[in-house]
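Top to bottom, those sequences are chains A and H.
Residues in the first sequence are numbered from 1 upward in steps of one, following my numbering.
Residues in the second sequence are numbered from 1001 upward in steps of one, following my numbering.
Before any comments, here is the structure.
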Amino acid sequence: MAPTKYRYWGADMSLYYVQKLLYNLNRDEKLQKAYFADQDSVLQDYRLDEEEITALKKPDIGMLYILGVNGQILMHYAAMCGYAWPDYIQAMRDALAEHGNVRAGLYATTDGKGAV
Amino acid sequence: MSLVFAGVCSHAPGITGRKHMADPDDADTFYAAFDDMRQALEASRPDALVVIAAEHFANFFMNNMPAYCMGMAEDYQGPIEDPDWLGIQRRTIPGNVDLSRRLIETIMQDVDLAYAEEWKFDHGISVPLNFLTPRYDLPVIPVNINCQGPPLTPLHRAWAFGQALRKACDAVPERIAIVGTGGISHWPATPDSGKIDEAWDRDFLDRWCKNDKQRLLDYSDEQTYLDAGQGGFEIRTFIAVSGATEGLSGKVHYYRPIPIFAVGCTVGIVELEAA
Ligand SMILES: [Fe+2]
């Protein structure tokens, strides 16, 4: 799989808010509790599109990776959703096989041949 | 001279969080090298430890991203990650407001530095402290260089930041230790996690050991991204330490690629006495 070009520009607005949500969840245990009790009430505070909302709610960690969520934020959301480390890596690999490379951001894959 | 210790080390979360998955010899030798670094740090009798880190969206986000930020709090909390996931218990880490303020004021003469009166440490600081100040009895002053959300500060500014930090250390009576922490080549939190380019790392560390300013600054982000992954942007922390110790050579006490830790595990110390 060809490495994506290094992009200097930021994420689009809606990907920005996916990451903002996960950043806030990572920082705030009260928000985590509120989110897992009633996702819609938290999600309405963020500007998100349908694809992102679906991936967040499922949760589809692999799809969030493909959408371009920064791995440093996503790995904690994966852990929050109960993914063990190897399962988190596998979810990204499965999504790559299904959807092709990451669509935005810096956490694209090069060859996917790292060791778990 | 009030800079009494300068070094660099890795901070990847797997170092503590995935220790149980590592080859025992990898974990044991690296942990021993970290402990040697702790002893050298303690032998320098520092009054405070400045950790130059590259955080991962624990405090700073793209709504308001400083290129450089220094802590100015009485104390700090960490780790922000799930303690079981990281393998480090949450605690309060002492700071030193007055010393922070004096360092910041001097650095600001040369570099436009942001400051923060609250700060939650992530693995970028909590992992090094777990080994270097395990009793949490040494005041810590955190520094962040944005290595995650481009546009990133140019490498020559990381060097200039290190120089400004050095001036600030020299201007205070306290004995200051600095530790830069980051990965060299690595692709953390991607399906390539565990990929490490040892040749790239060793070449970088050669430049670092020689305090070779020209060659240390001779990387473009585009090329680093292609050759060393997005984790390679964290070389800024090592370069800042080099800027703070201009003209002095360093020694790599430990380097070994450990894929399950997702980074070439490194401990390096600048030879301050040699000058
Ligand atoms: Fe890092």
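Note that the Cβ used here is the ideal one computed from N, Cα and C, for glycine as well.
From a predicted model like this one, the values you see are computed outputs, not experimental measurements.
Between which two residues does the alpha helix (DSSP H) holding residue i run?
| i | result |
| --- | --- |
| ARG1101(H) | 1097-1107 |
| CYS1147(H) | Unbroken run through CYS1147(H): none, as it is neither H nor E. |
| TYR77(A) | 71-80 |
| ALA1012(H) | Neither: ALA1012(H) is in no alpha helix (DSSP H) and is coded neither H nor E. |
| LYS1210(H) | From DSSP, LYS1210(H) is part of no alpha helix (DSSP H); its letter is neither H nor E. |
| TYR83(A) | It is not in any alpha helix (DSSP H) - TYR83(A) carries neither H nor E in the DSSP assignment. |
| GLY1243(H) | 1235-1244 |
Pick from the options: whose alpha carbon is nearest that of residue i?
| i | options | result |
| --- | --- | --- |
| GLY1180(H) | ILE1088(H), GLY1250(H), SER1100(H) and TYR1219(H) | GLY1250(H) |
| ASP40(A) | ALA104(A), PRO59(A) and ILE53(A) | ILE53(A) |
| LEU67(A) | VAL42(A), ALA37(A) and VAL102(A) | VAL102(A) |
| ARG1166(H) | CYS1265(H), TYR1255(H), ILE1080(H) and ASP1110(H) | ASP1110(H) |
| ILE73(A) | HIS1056(H), MET1072(H) and GLY1071(H) | HIS1056(H) |
| PHE1261(H) | SER1193(H), ALA1054(H) and GLU1234(H) | SER1193(H) |
| PRO1079(H) | GLN1039(H), LYS1120(H) and LEU1155(H) | LYS1120(H) |
| HIS1186(H) | GLY1014(H), PRO1173(H) and ALA1244(H) | GLY1014(H) |
| TRP1208(H) | PRO1188(H), ASP1221(H), ALA1189(H) and ILE1184(H) | ILE1184(H) |
| LEU43(A) | TRP85(A), LEU22(A) and MET63(A) | LEU22(A) |
| ASN1211(H) | GLY1162(H), LEU1003(H) and GLU1105(H) | GLY1162(H) |
| GLY1264(H) | VAL1008(H), LEU1003(H) and SER1002(H) | VAL1008(H) |
| SER1126(H) | ASP1035(H), HIS1011(H), ALA1022(H) and ILE1258(H) | HIS1011(H) |
| LEU1041(H) | LEU1103(H), ALA1006(H) and LYS1195(H) | ALA1006(H) |
| ALA1027(H) | PRO1257(H), ASP1122(H), ASP1137(H) and ASP1218(H) | PRO1257(H) |
| GLY1124(H) | LEU1217(H), GLU1246(H), ASN1064(H) and GLY1182(H) | GLY1182(H) |
| ARG1135(H) | PHE1204(H), GLN1039(H) and ASP1218(H) | GLN1039(H) |
| ASP1075(H) | LEU1138(H), ASP1035(H) and ARG1018(H) | LEU1138(H) |
| LEU1226(H) | ASP1025(H), VAL1241(H), ILE1196(H) and GLY1243(H) | ILE1196(H) |
Does the distance from the CB of residue i to the CB of residue j come in under 7 Å?
| i | j | result |
| --- | --- | --- |
| ARG1090(H) | PRO1083(H) | yes |
| VAL1140(H) | LEU1049(H) | yes |
| TRP1159(H) | ILE1239(H) | yes |
| MET1062(H) | LEU1113(H) | no |
| ALA1033(H) | TYR1255(H) | no |
| ILE61(A) | ALA91(A) | yes |
| TRP1085(H) | ALA108(A) | no |
| CYS1147(H) | ARG1215(H) | no |
| PRO1046(H) | ARG1175(H) | yes |
| ASN1059(H) | ILE1088(H) | no |
| ALA1054(H) | GLU1222(H) | no |
| MET1065(H) | SER1100(H) | no |
| LEU15(A) | ASN24(A) | no |
| ALA1168(H) | THR1106(H) | yes |
| ALA1228(H) | GLY71(A) | no |
| TYR17(A) | ARG47(A) | yes |
| GLN1153(H) | ALA1067(H) | According to the sequence provided, residue 1153(H) is Thr. The question's Gln does not apply to it. Yes, these two residues count as a Cβ contact at 7 Å. |
Looking at the unbroken beta strand (DSSP E) that takes in residue i, where does it start and where does it end?
| i | result |
| --- | --- |
| ARG1256(H) | 1250-1258 |
| ALA1177(H) | 1176-1181 |
| THR1224(H) | Per DSSP, THR1224(H) belongs to no beta strand (DSSP E); it is in the alpha helix (DSSP H), 1221-1228. |
| VAL1267(H) | 1263-1270 |
In chain order, which alpha helix (DSSP H) runs of at least 4 residues are fully inside the segment 1033-1107 of chain H? Within the segment 1033-1107 of chain H, the alpha helix (DSSP H) runs of at least 4 residues that lie entirely inside it are, in chain order, 1083-1086 and 1097-1107.
My parser needs the alpha helix (DSSP H) runs of 4 or more residues fully inside the segment 1110-1160 of chain H; what are they? 1123-1132
4-residue-minimum alpha helix (DSSP H) runs that sit fully inside the segment 23-67 of chain A, ordered along the chain: Runs of the alpha helix (DSSP H) inside the segment 23-67 of chain A: 29-37, 39-43, 50-57 and 61-67.
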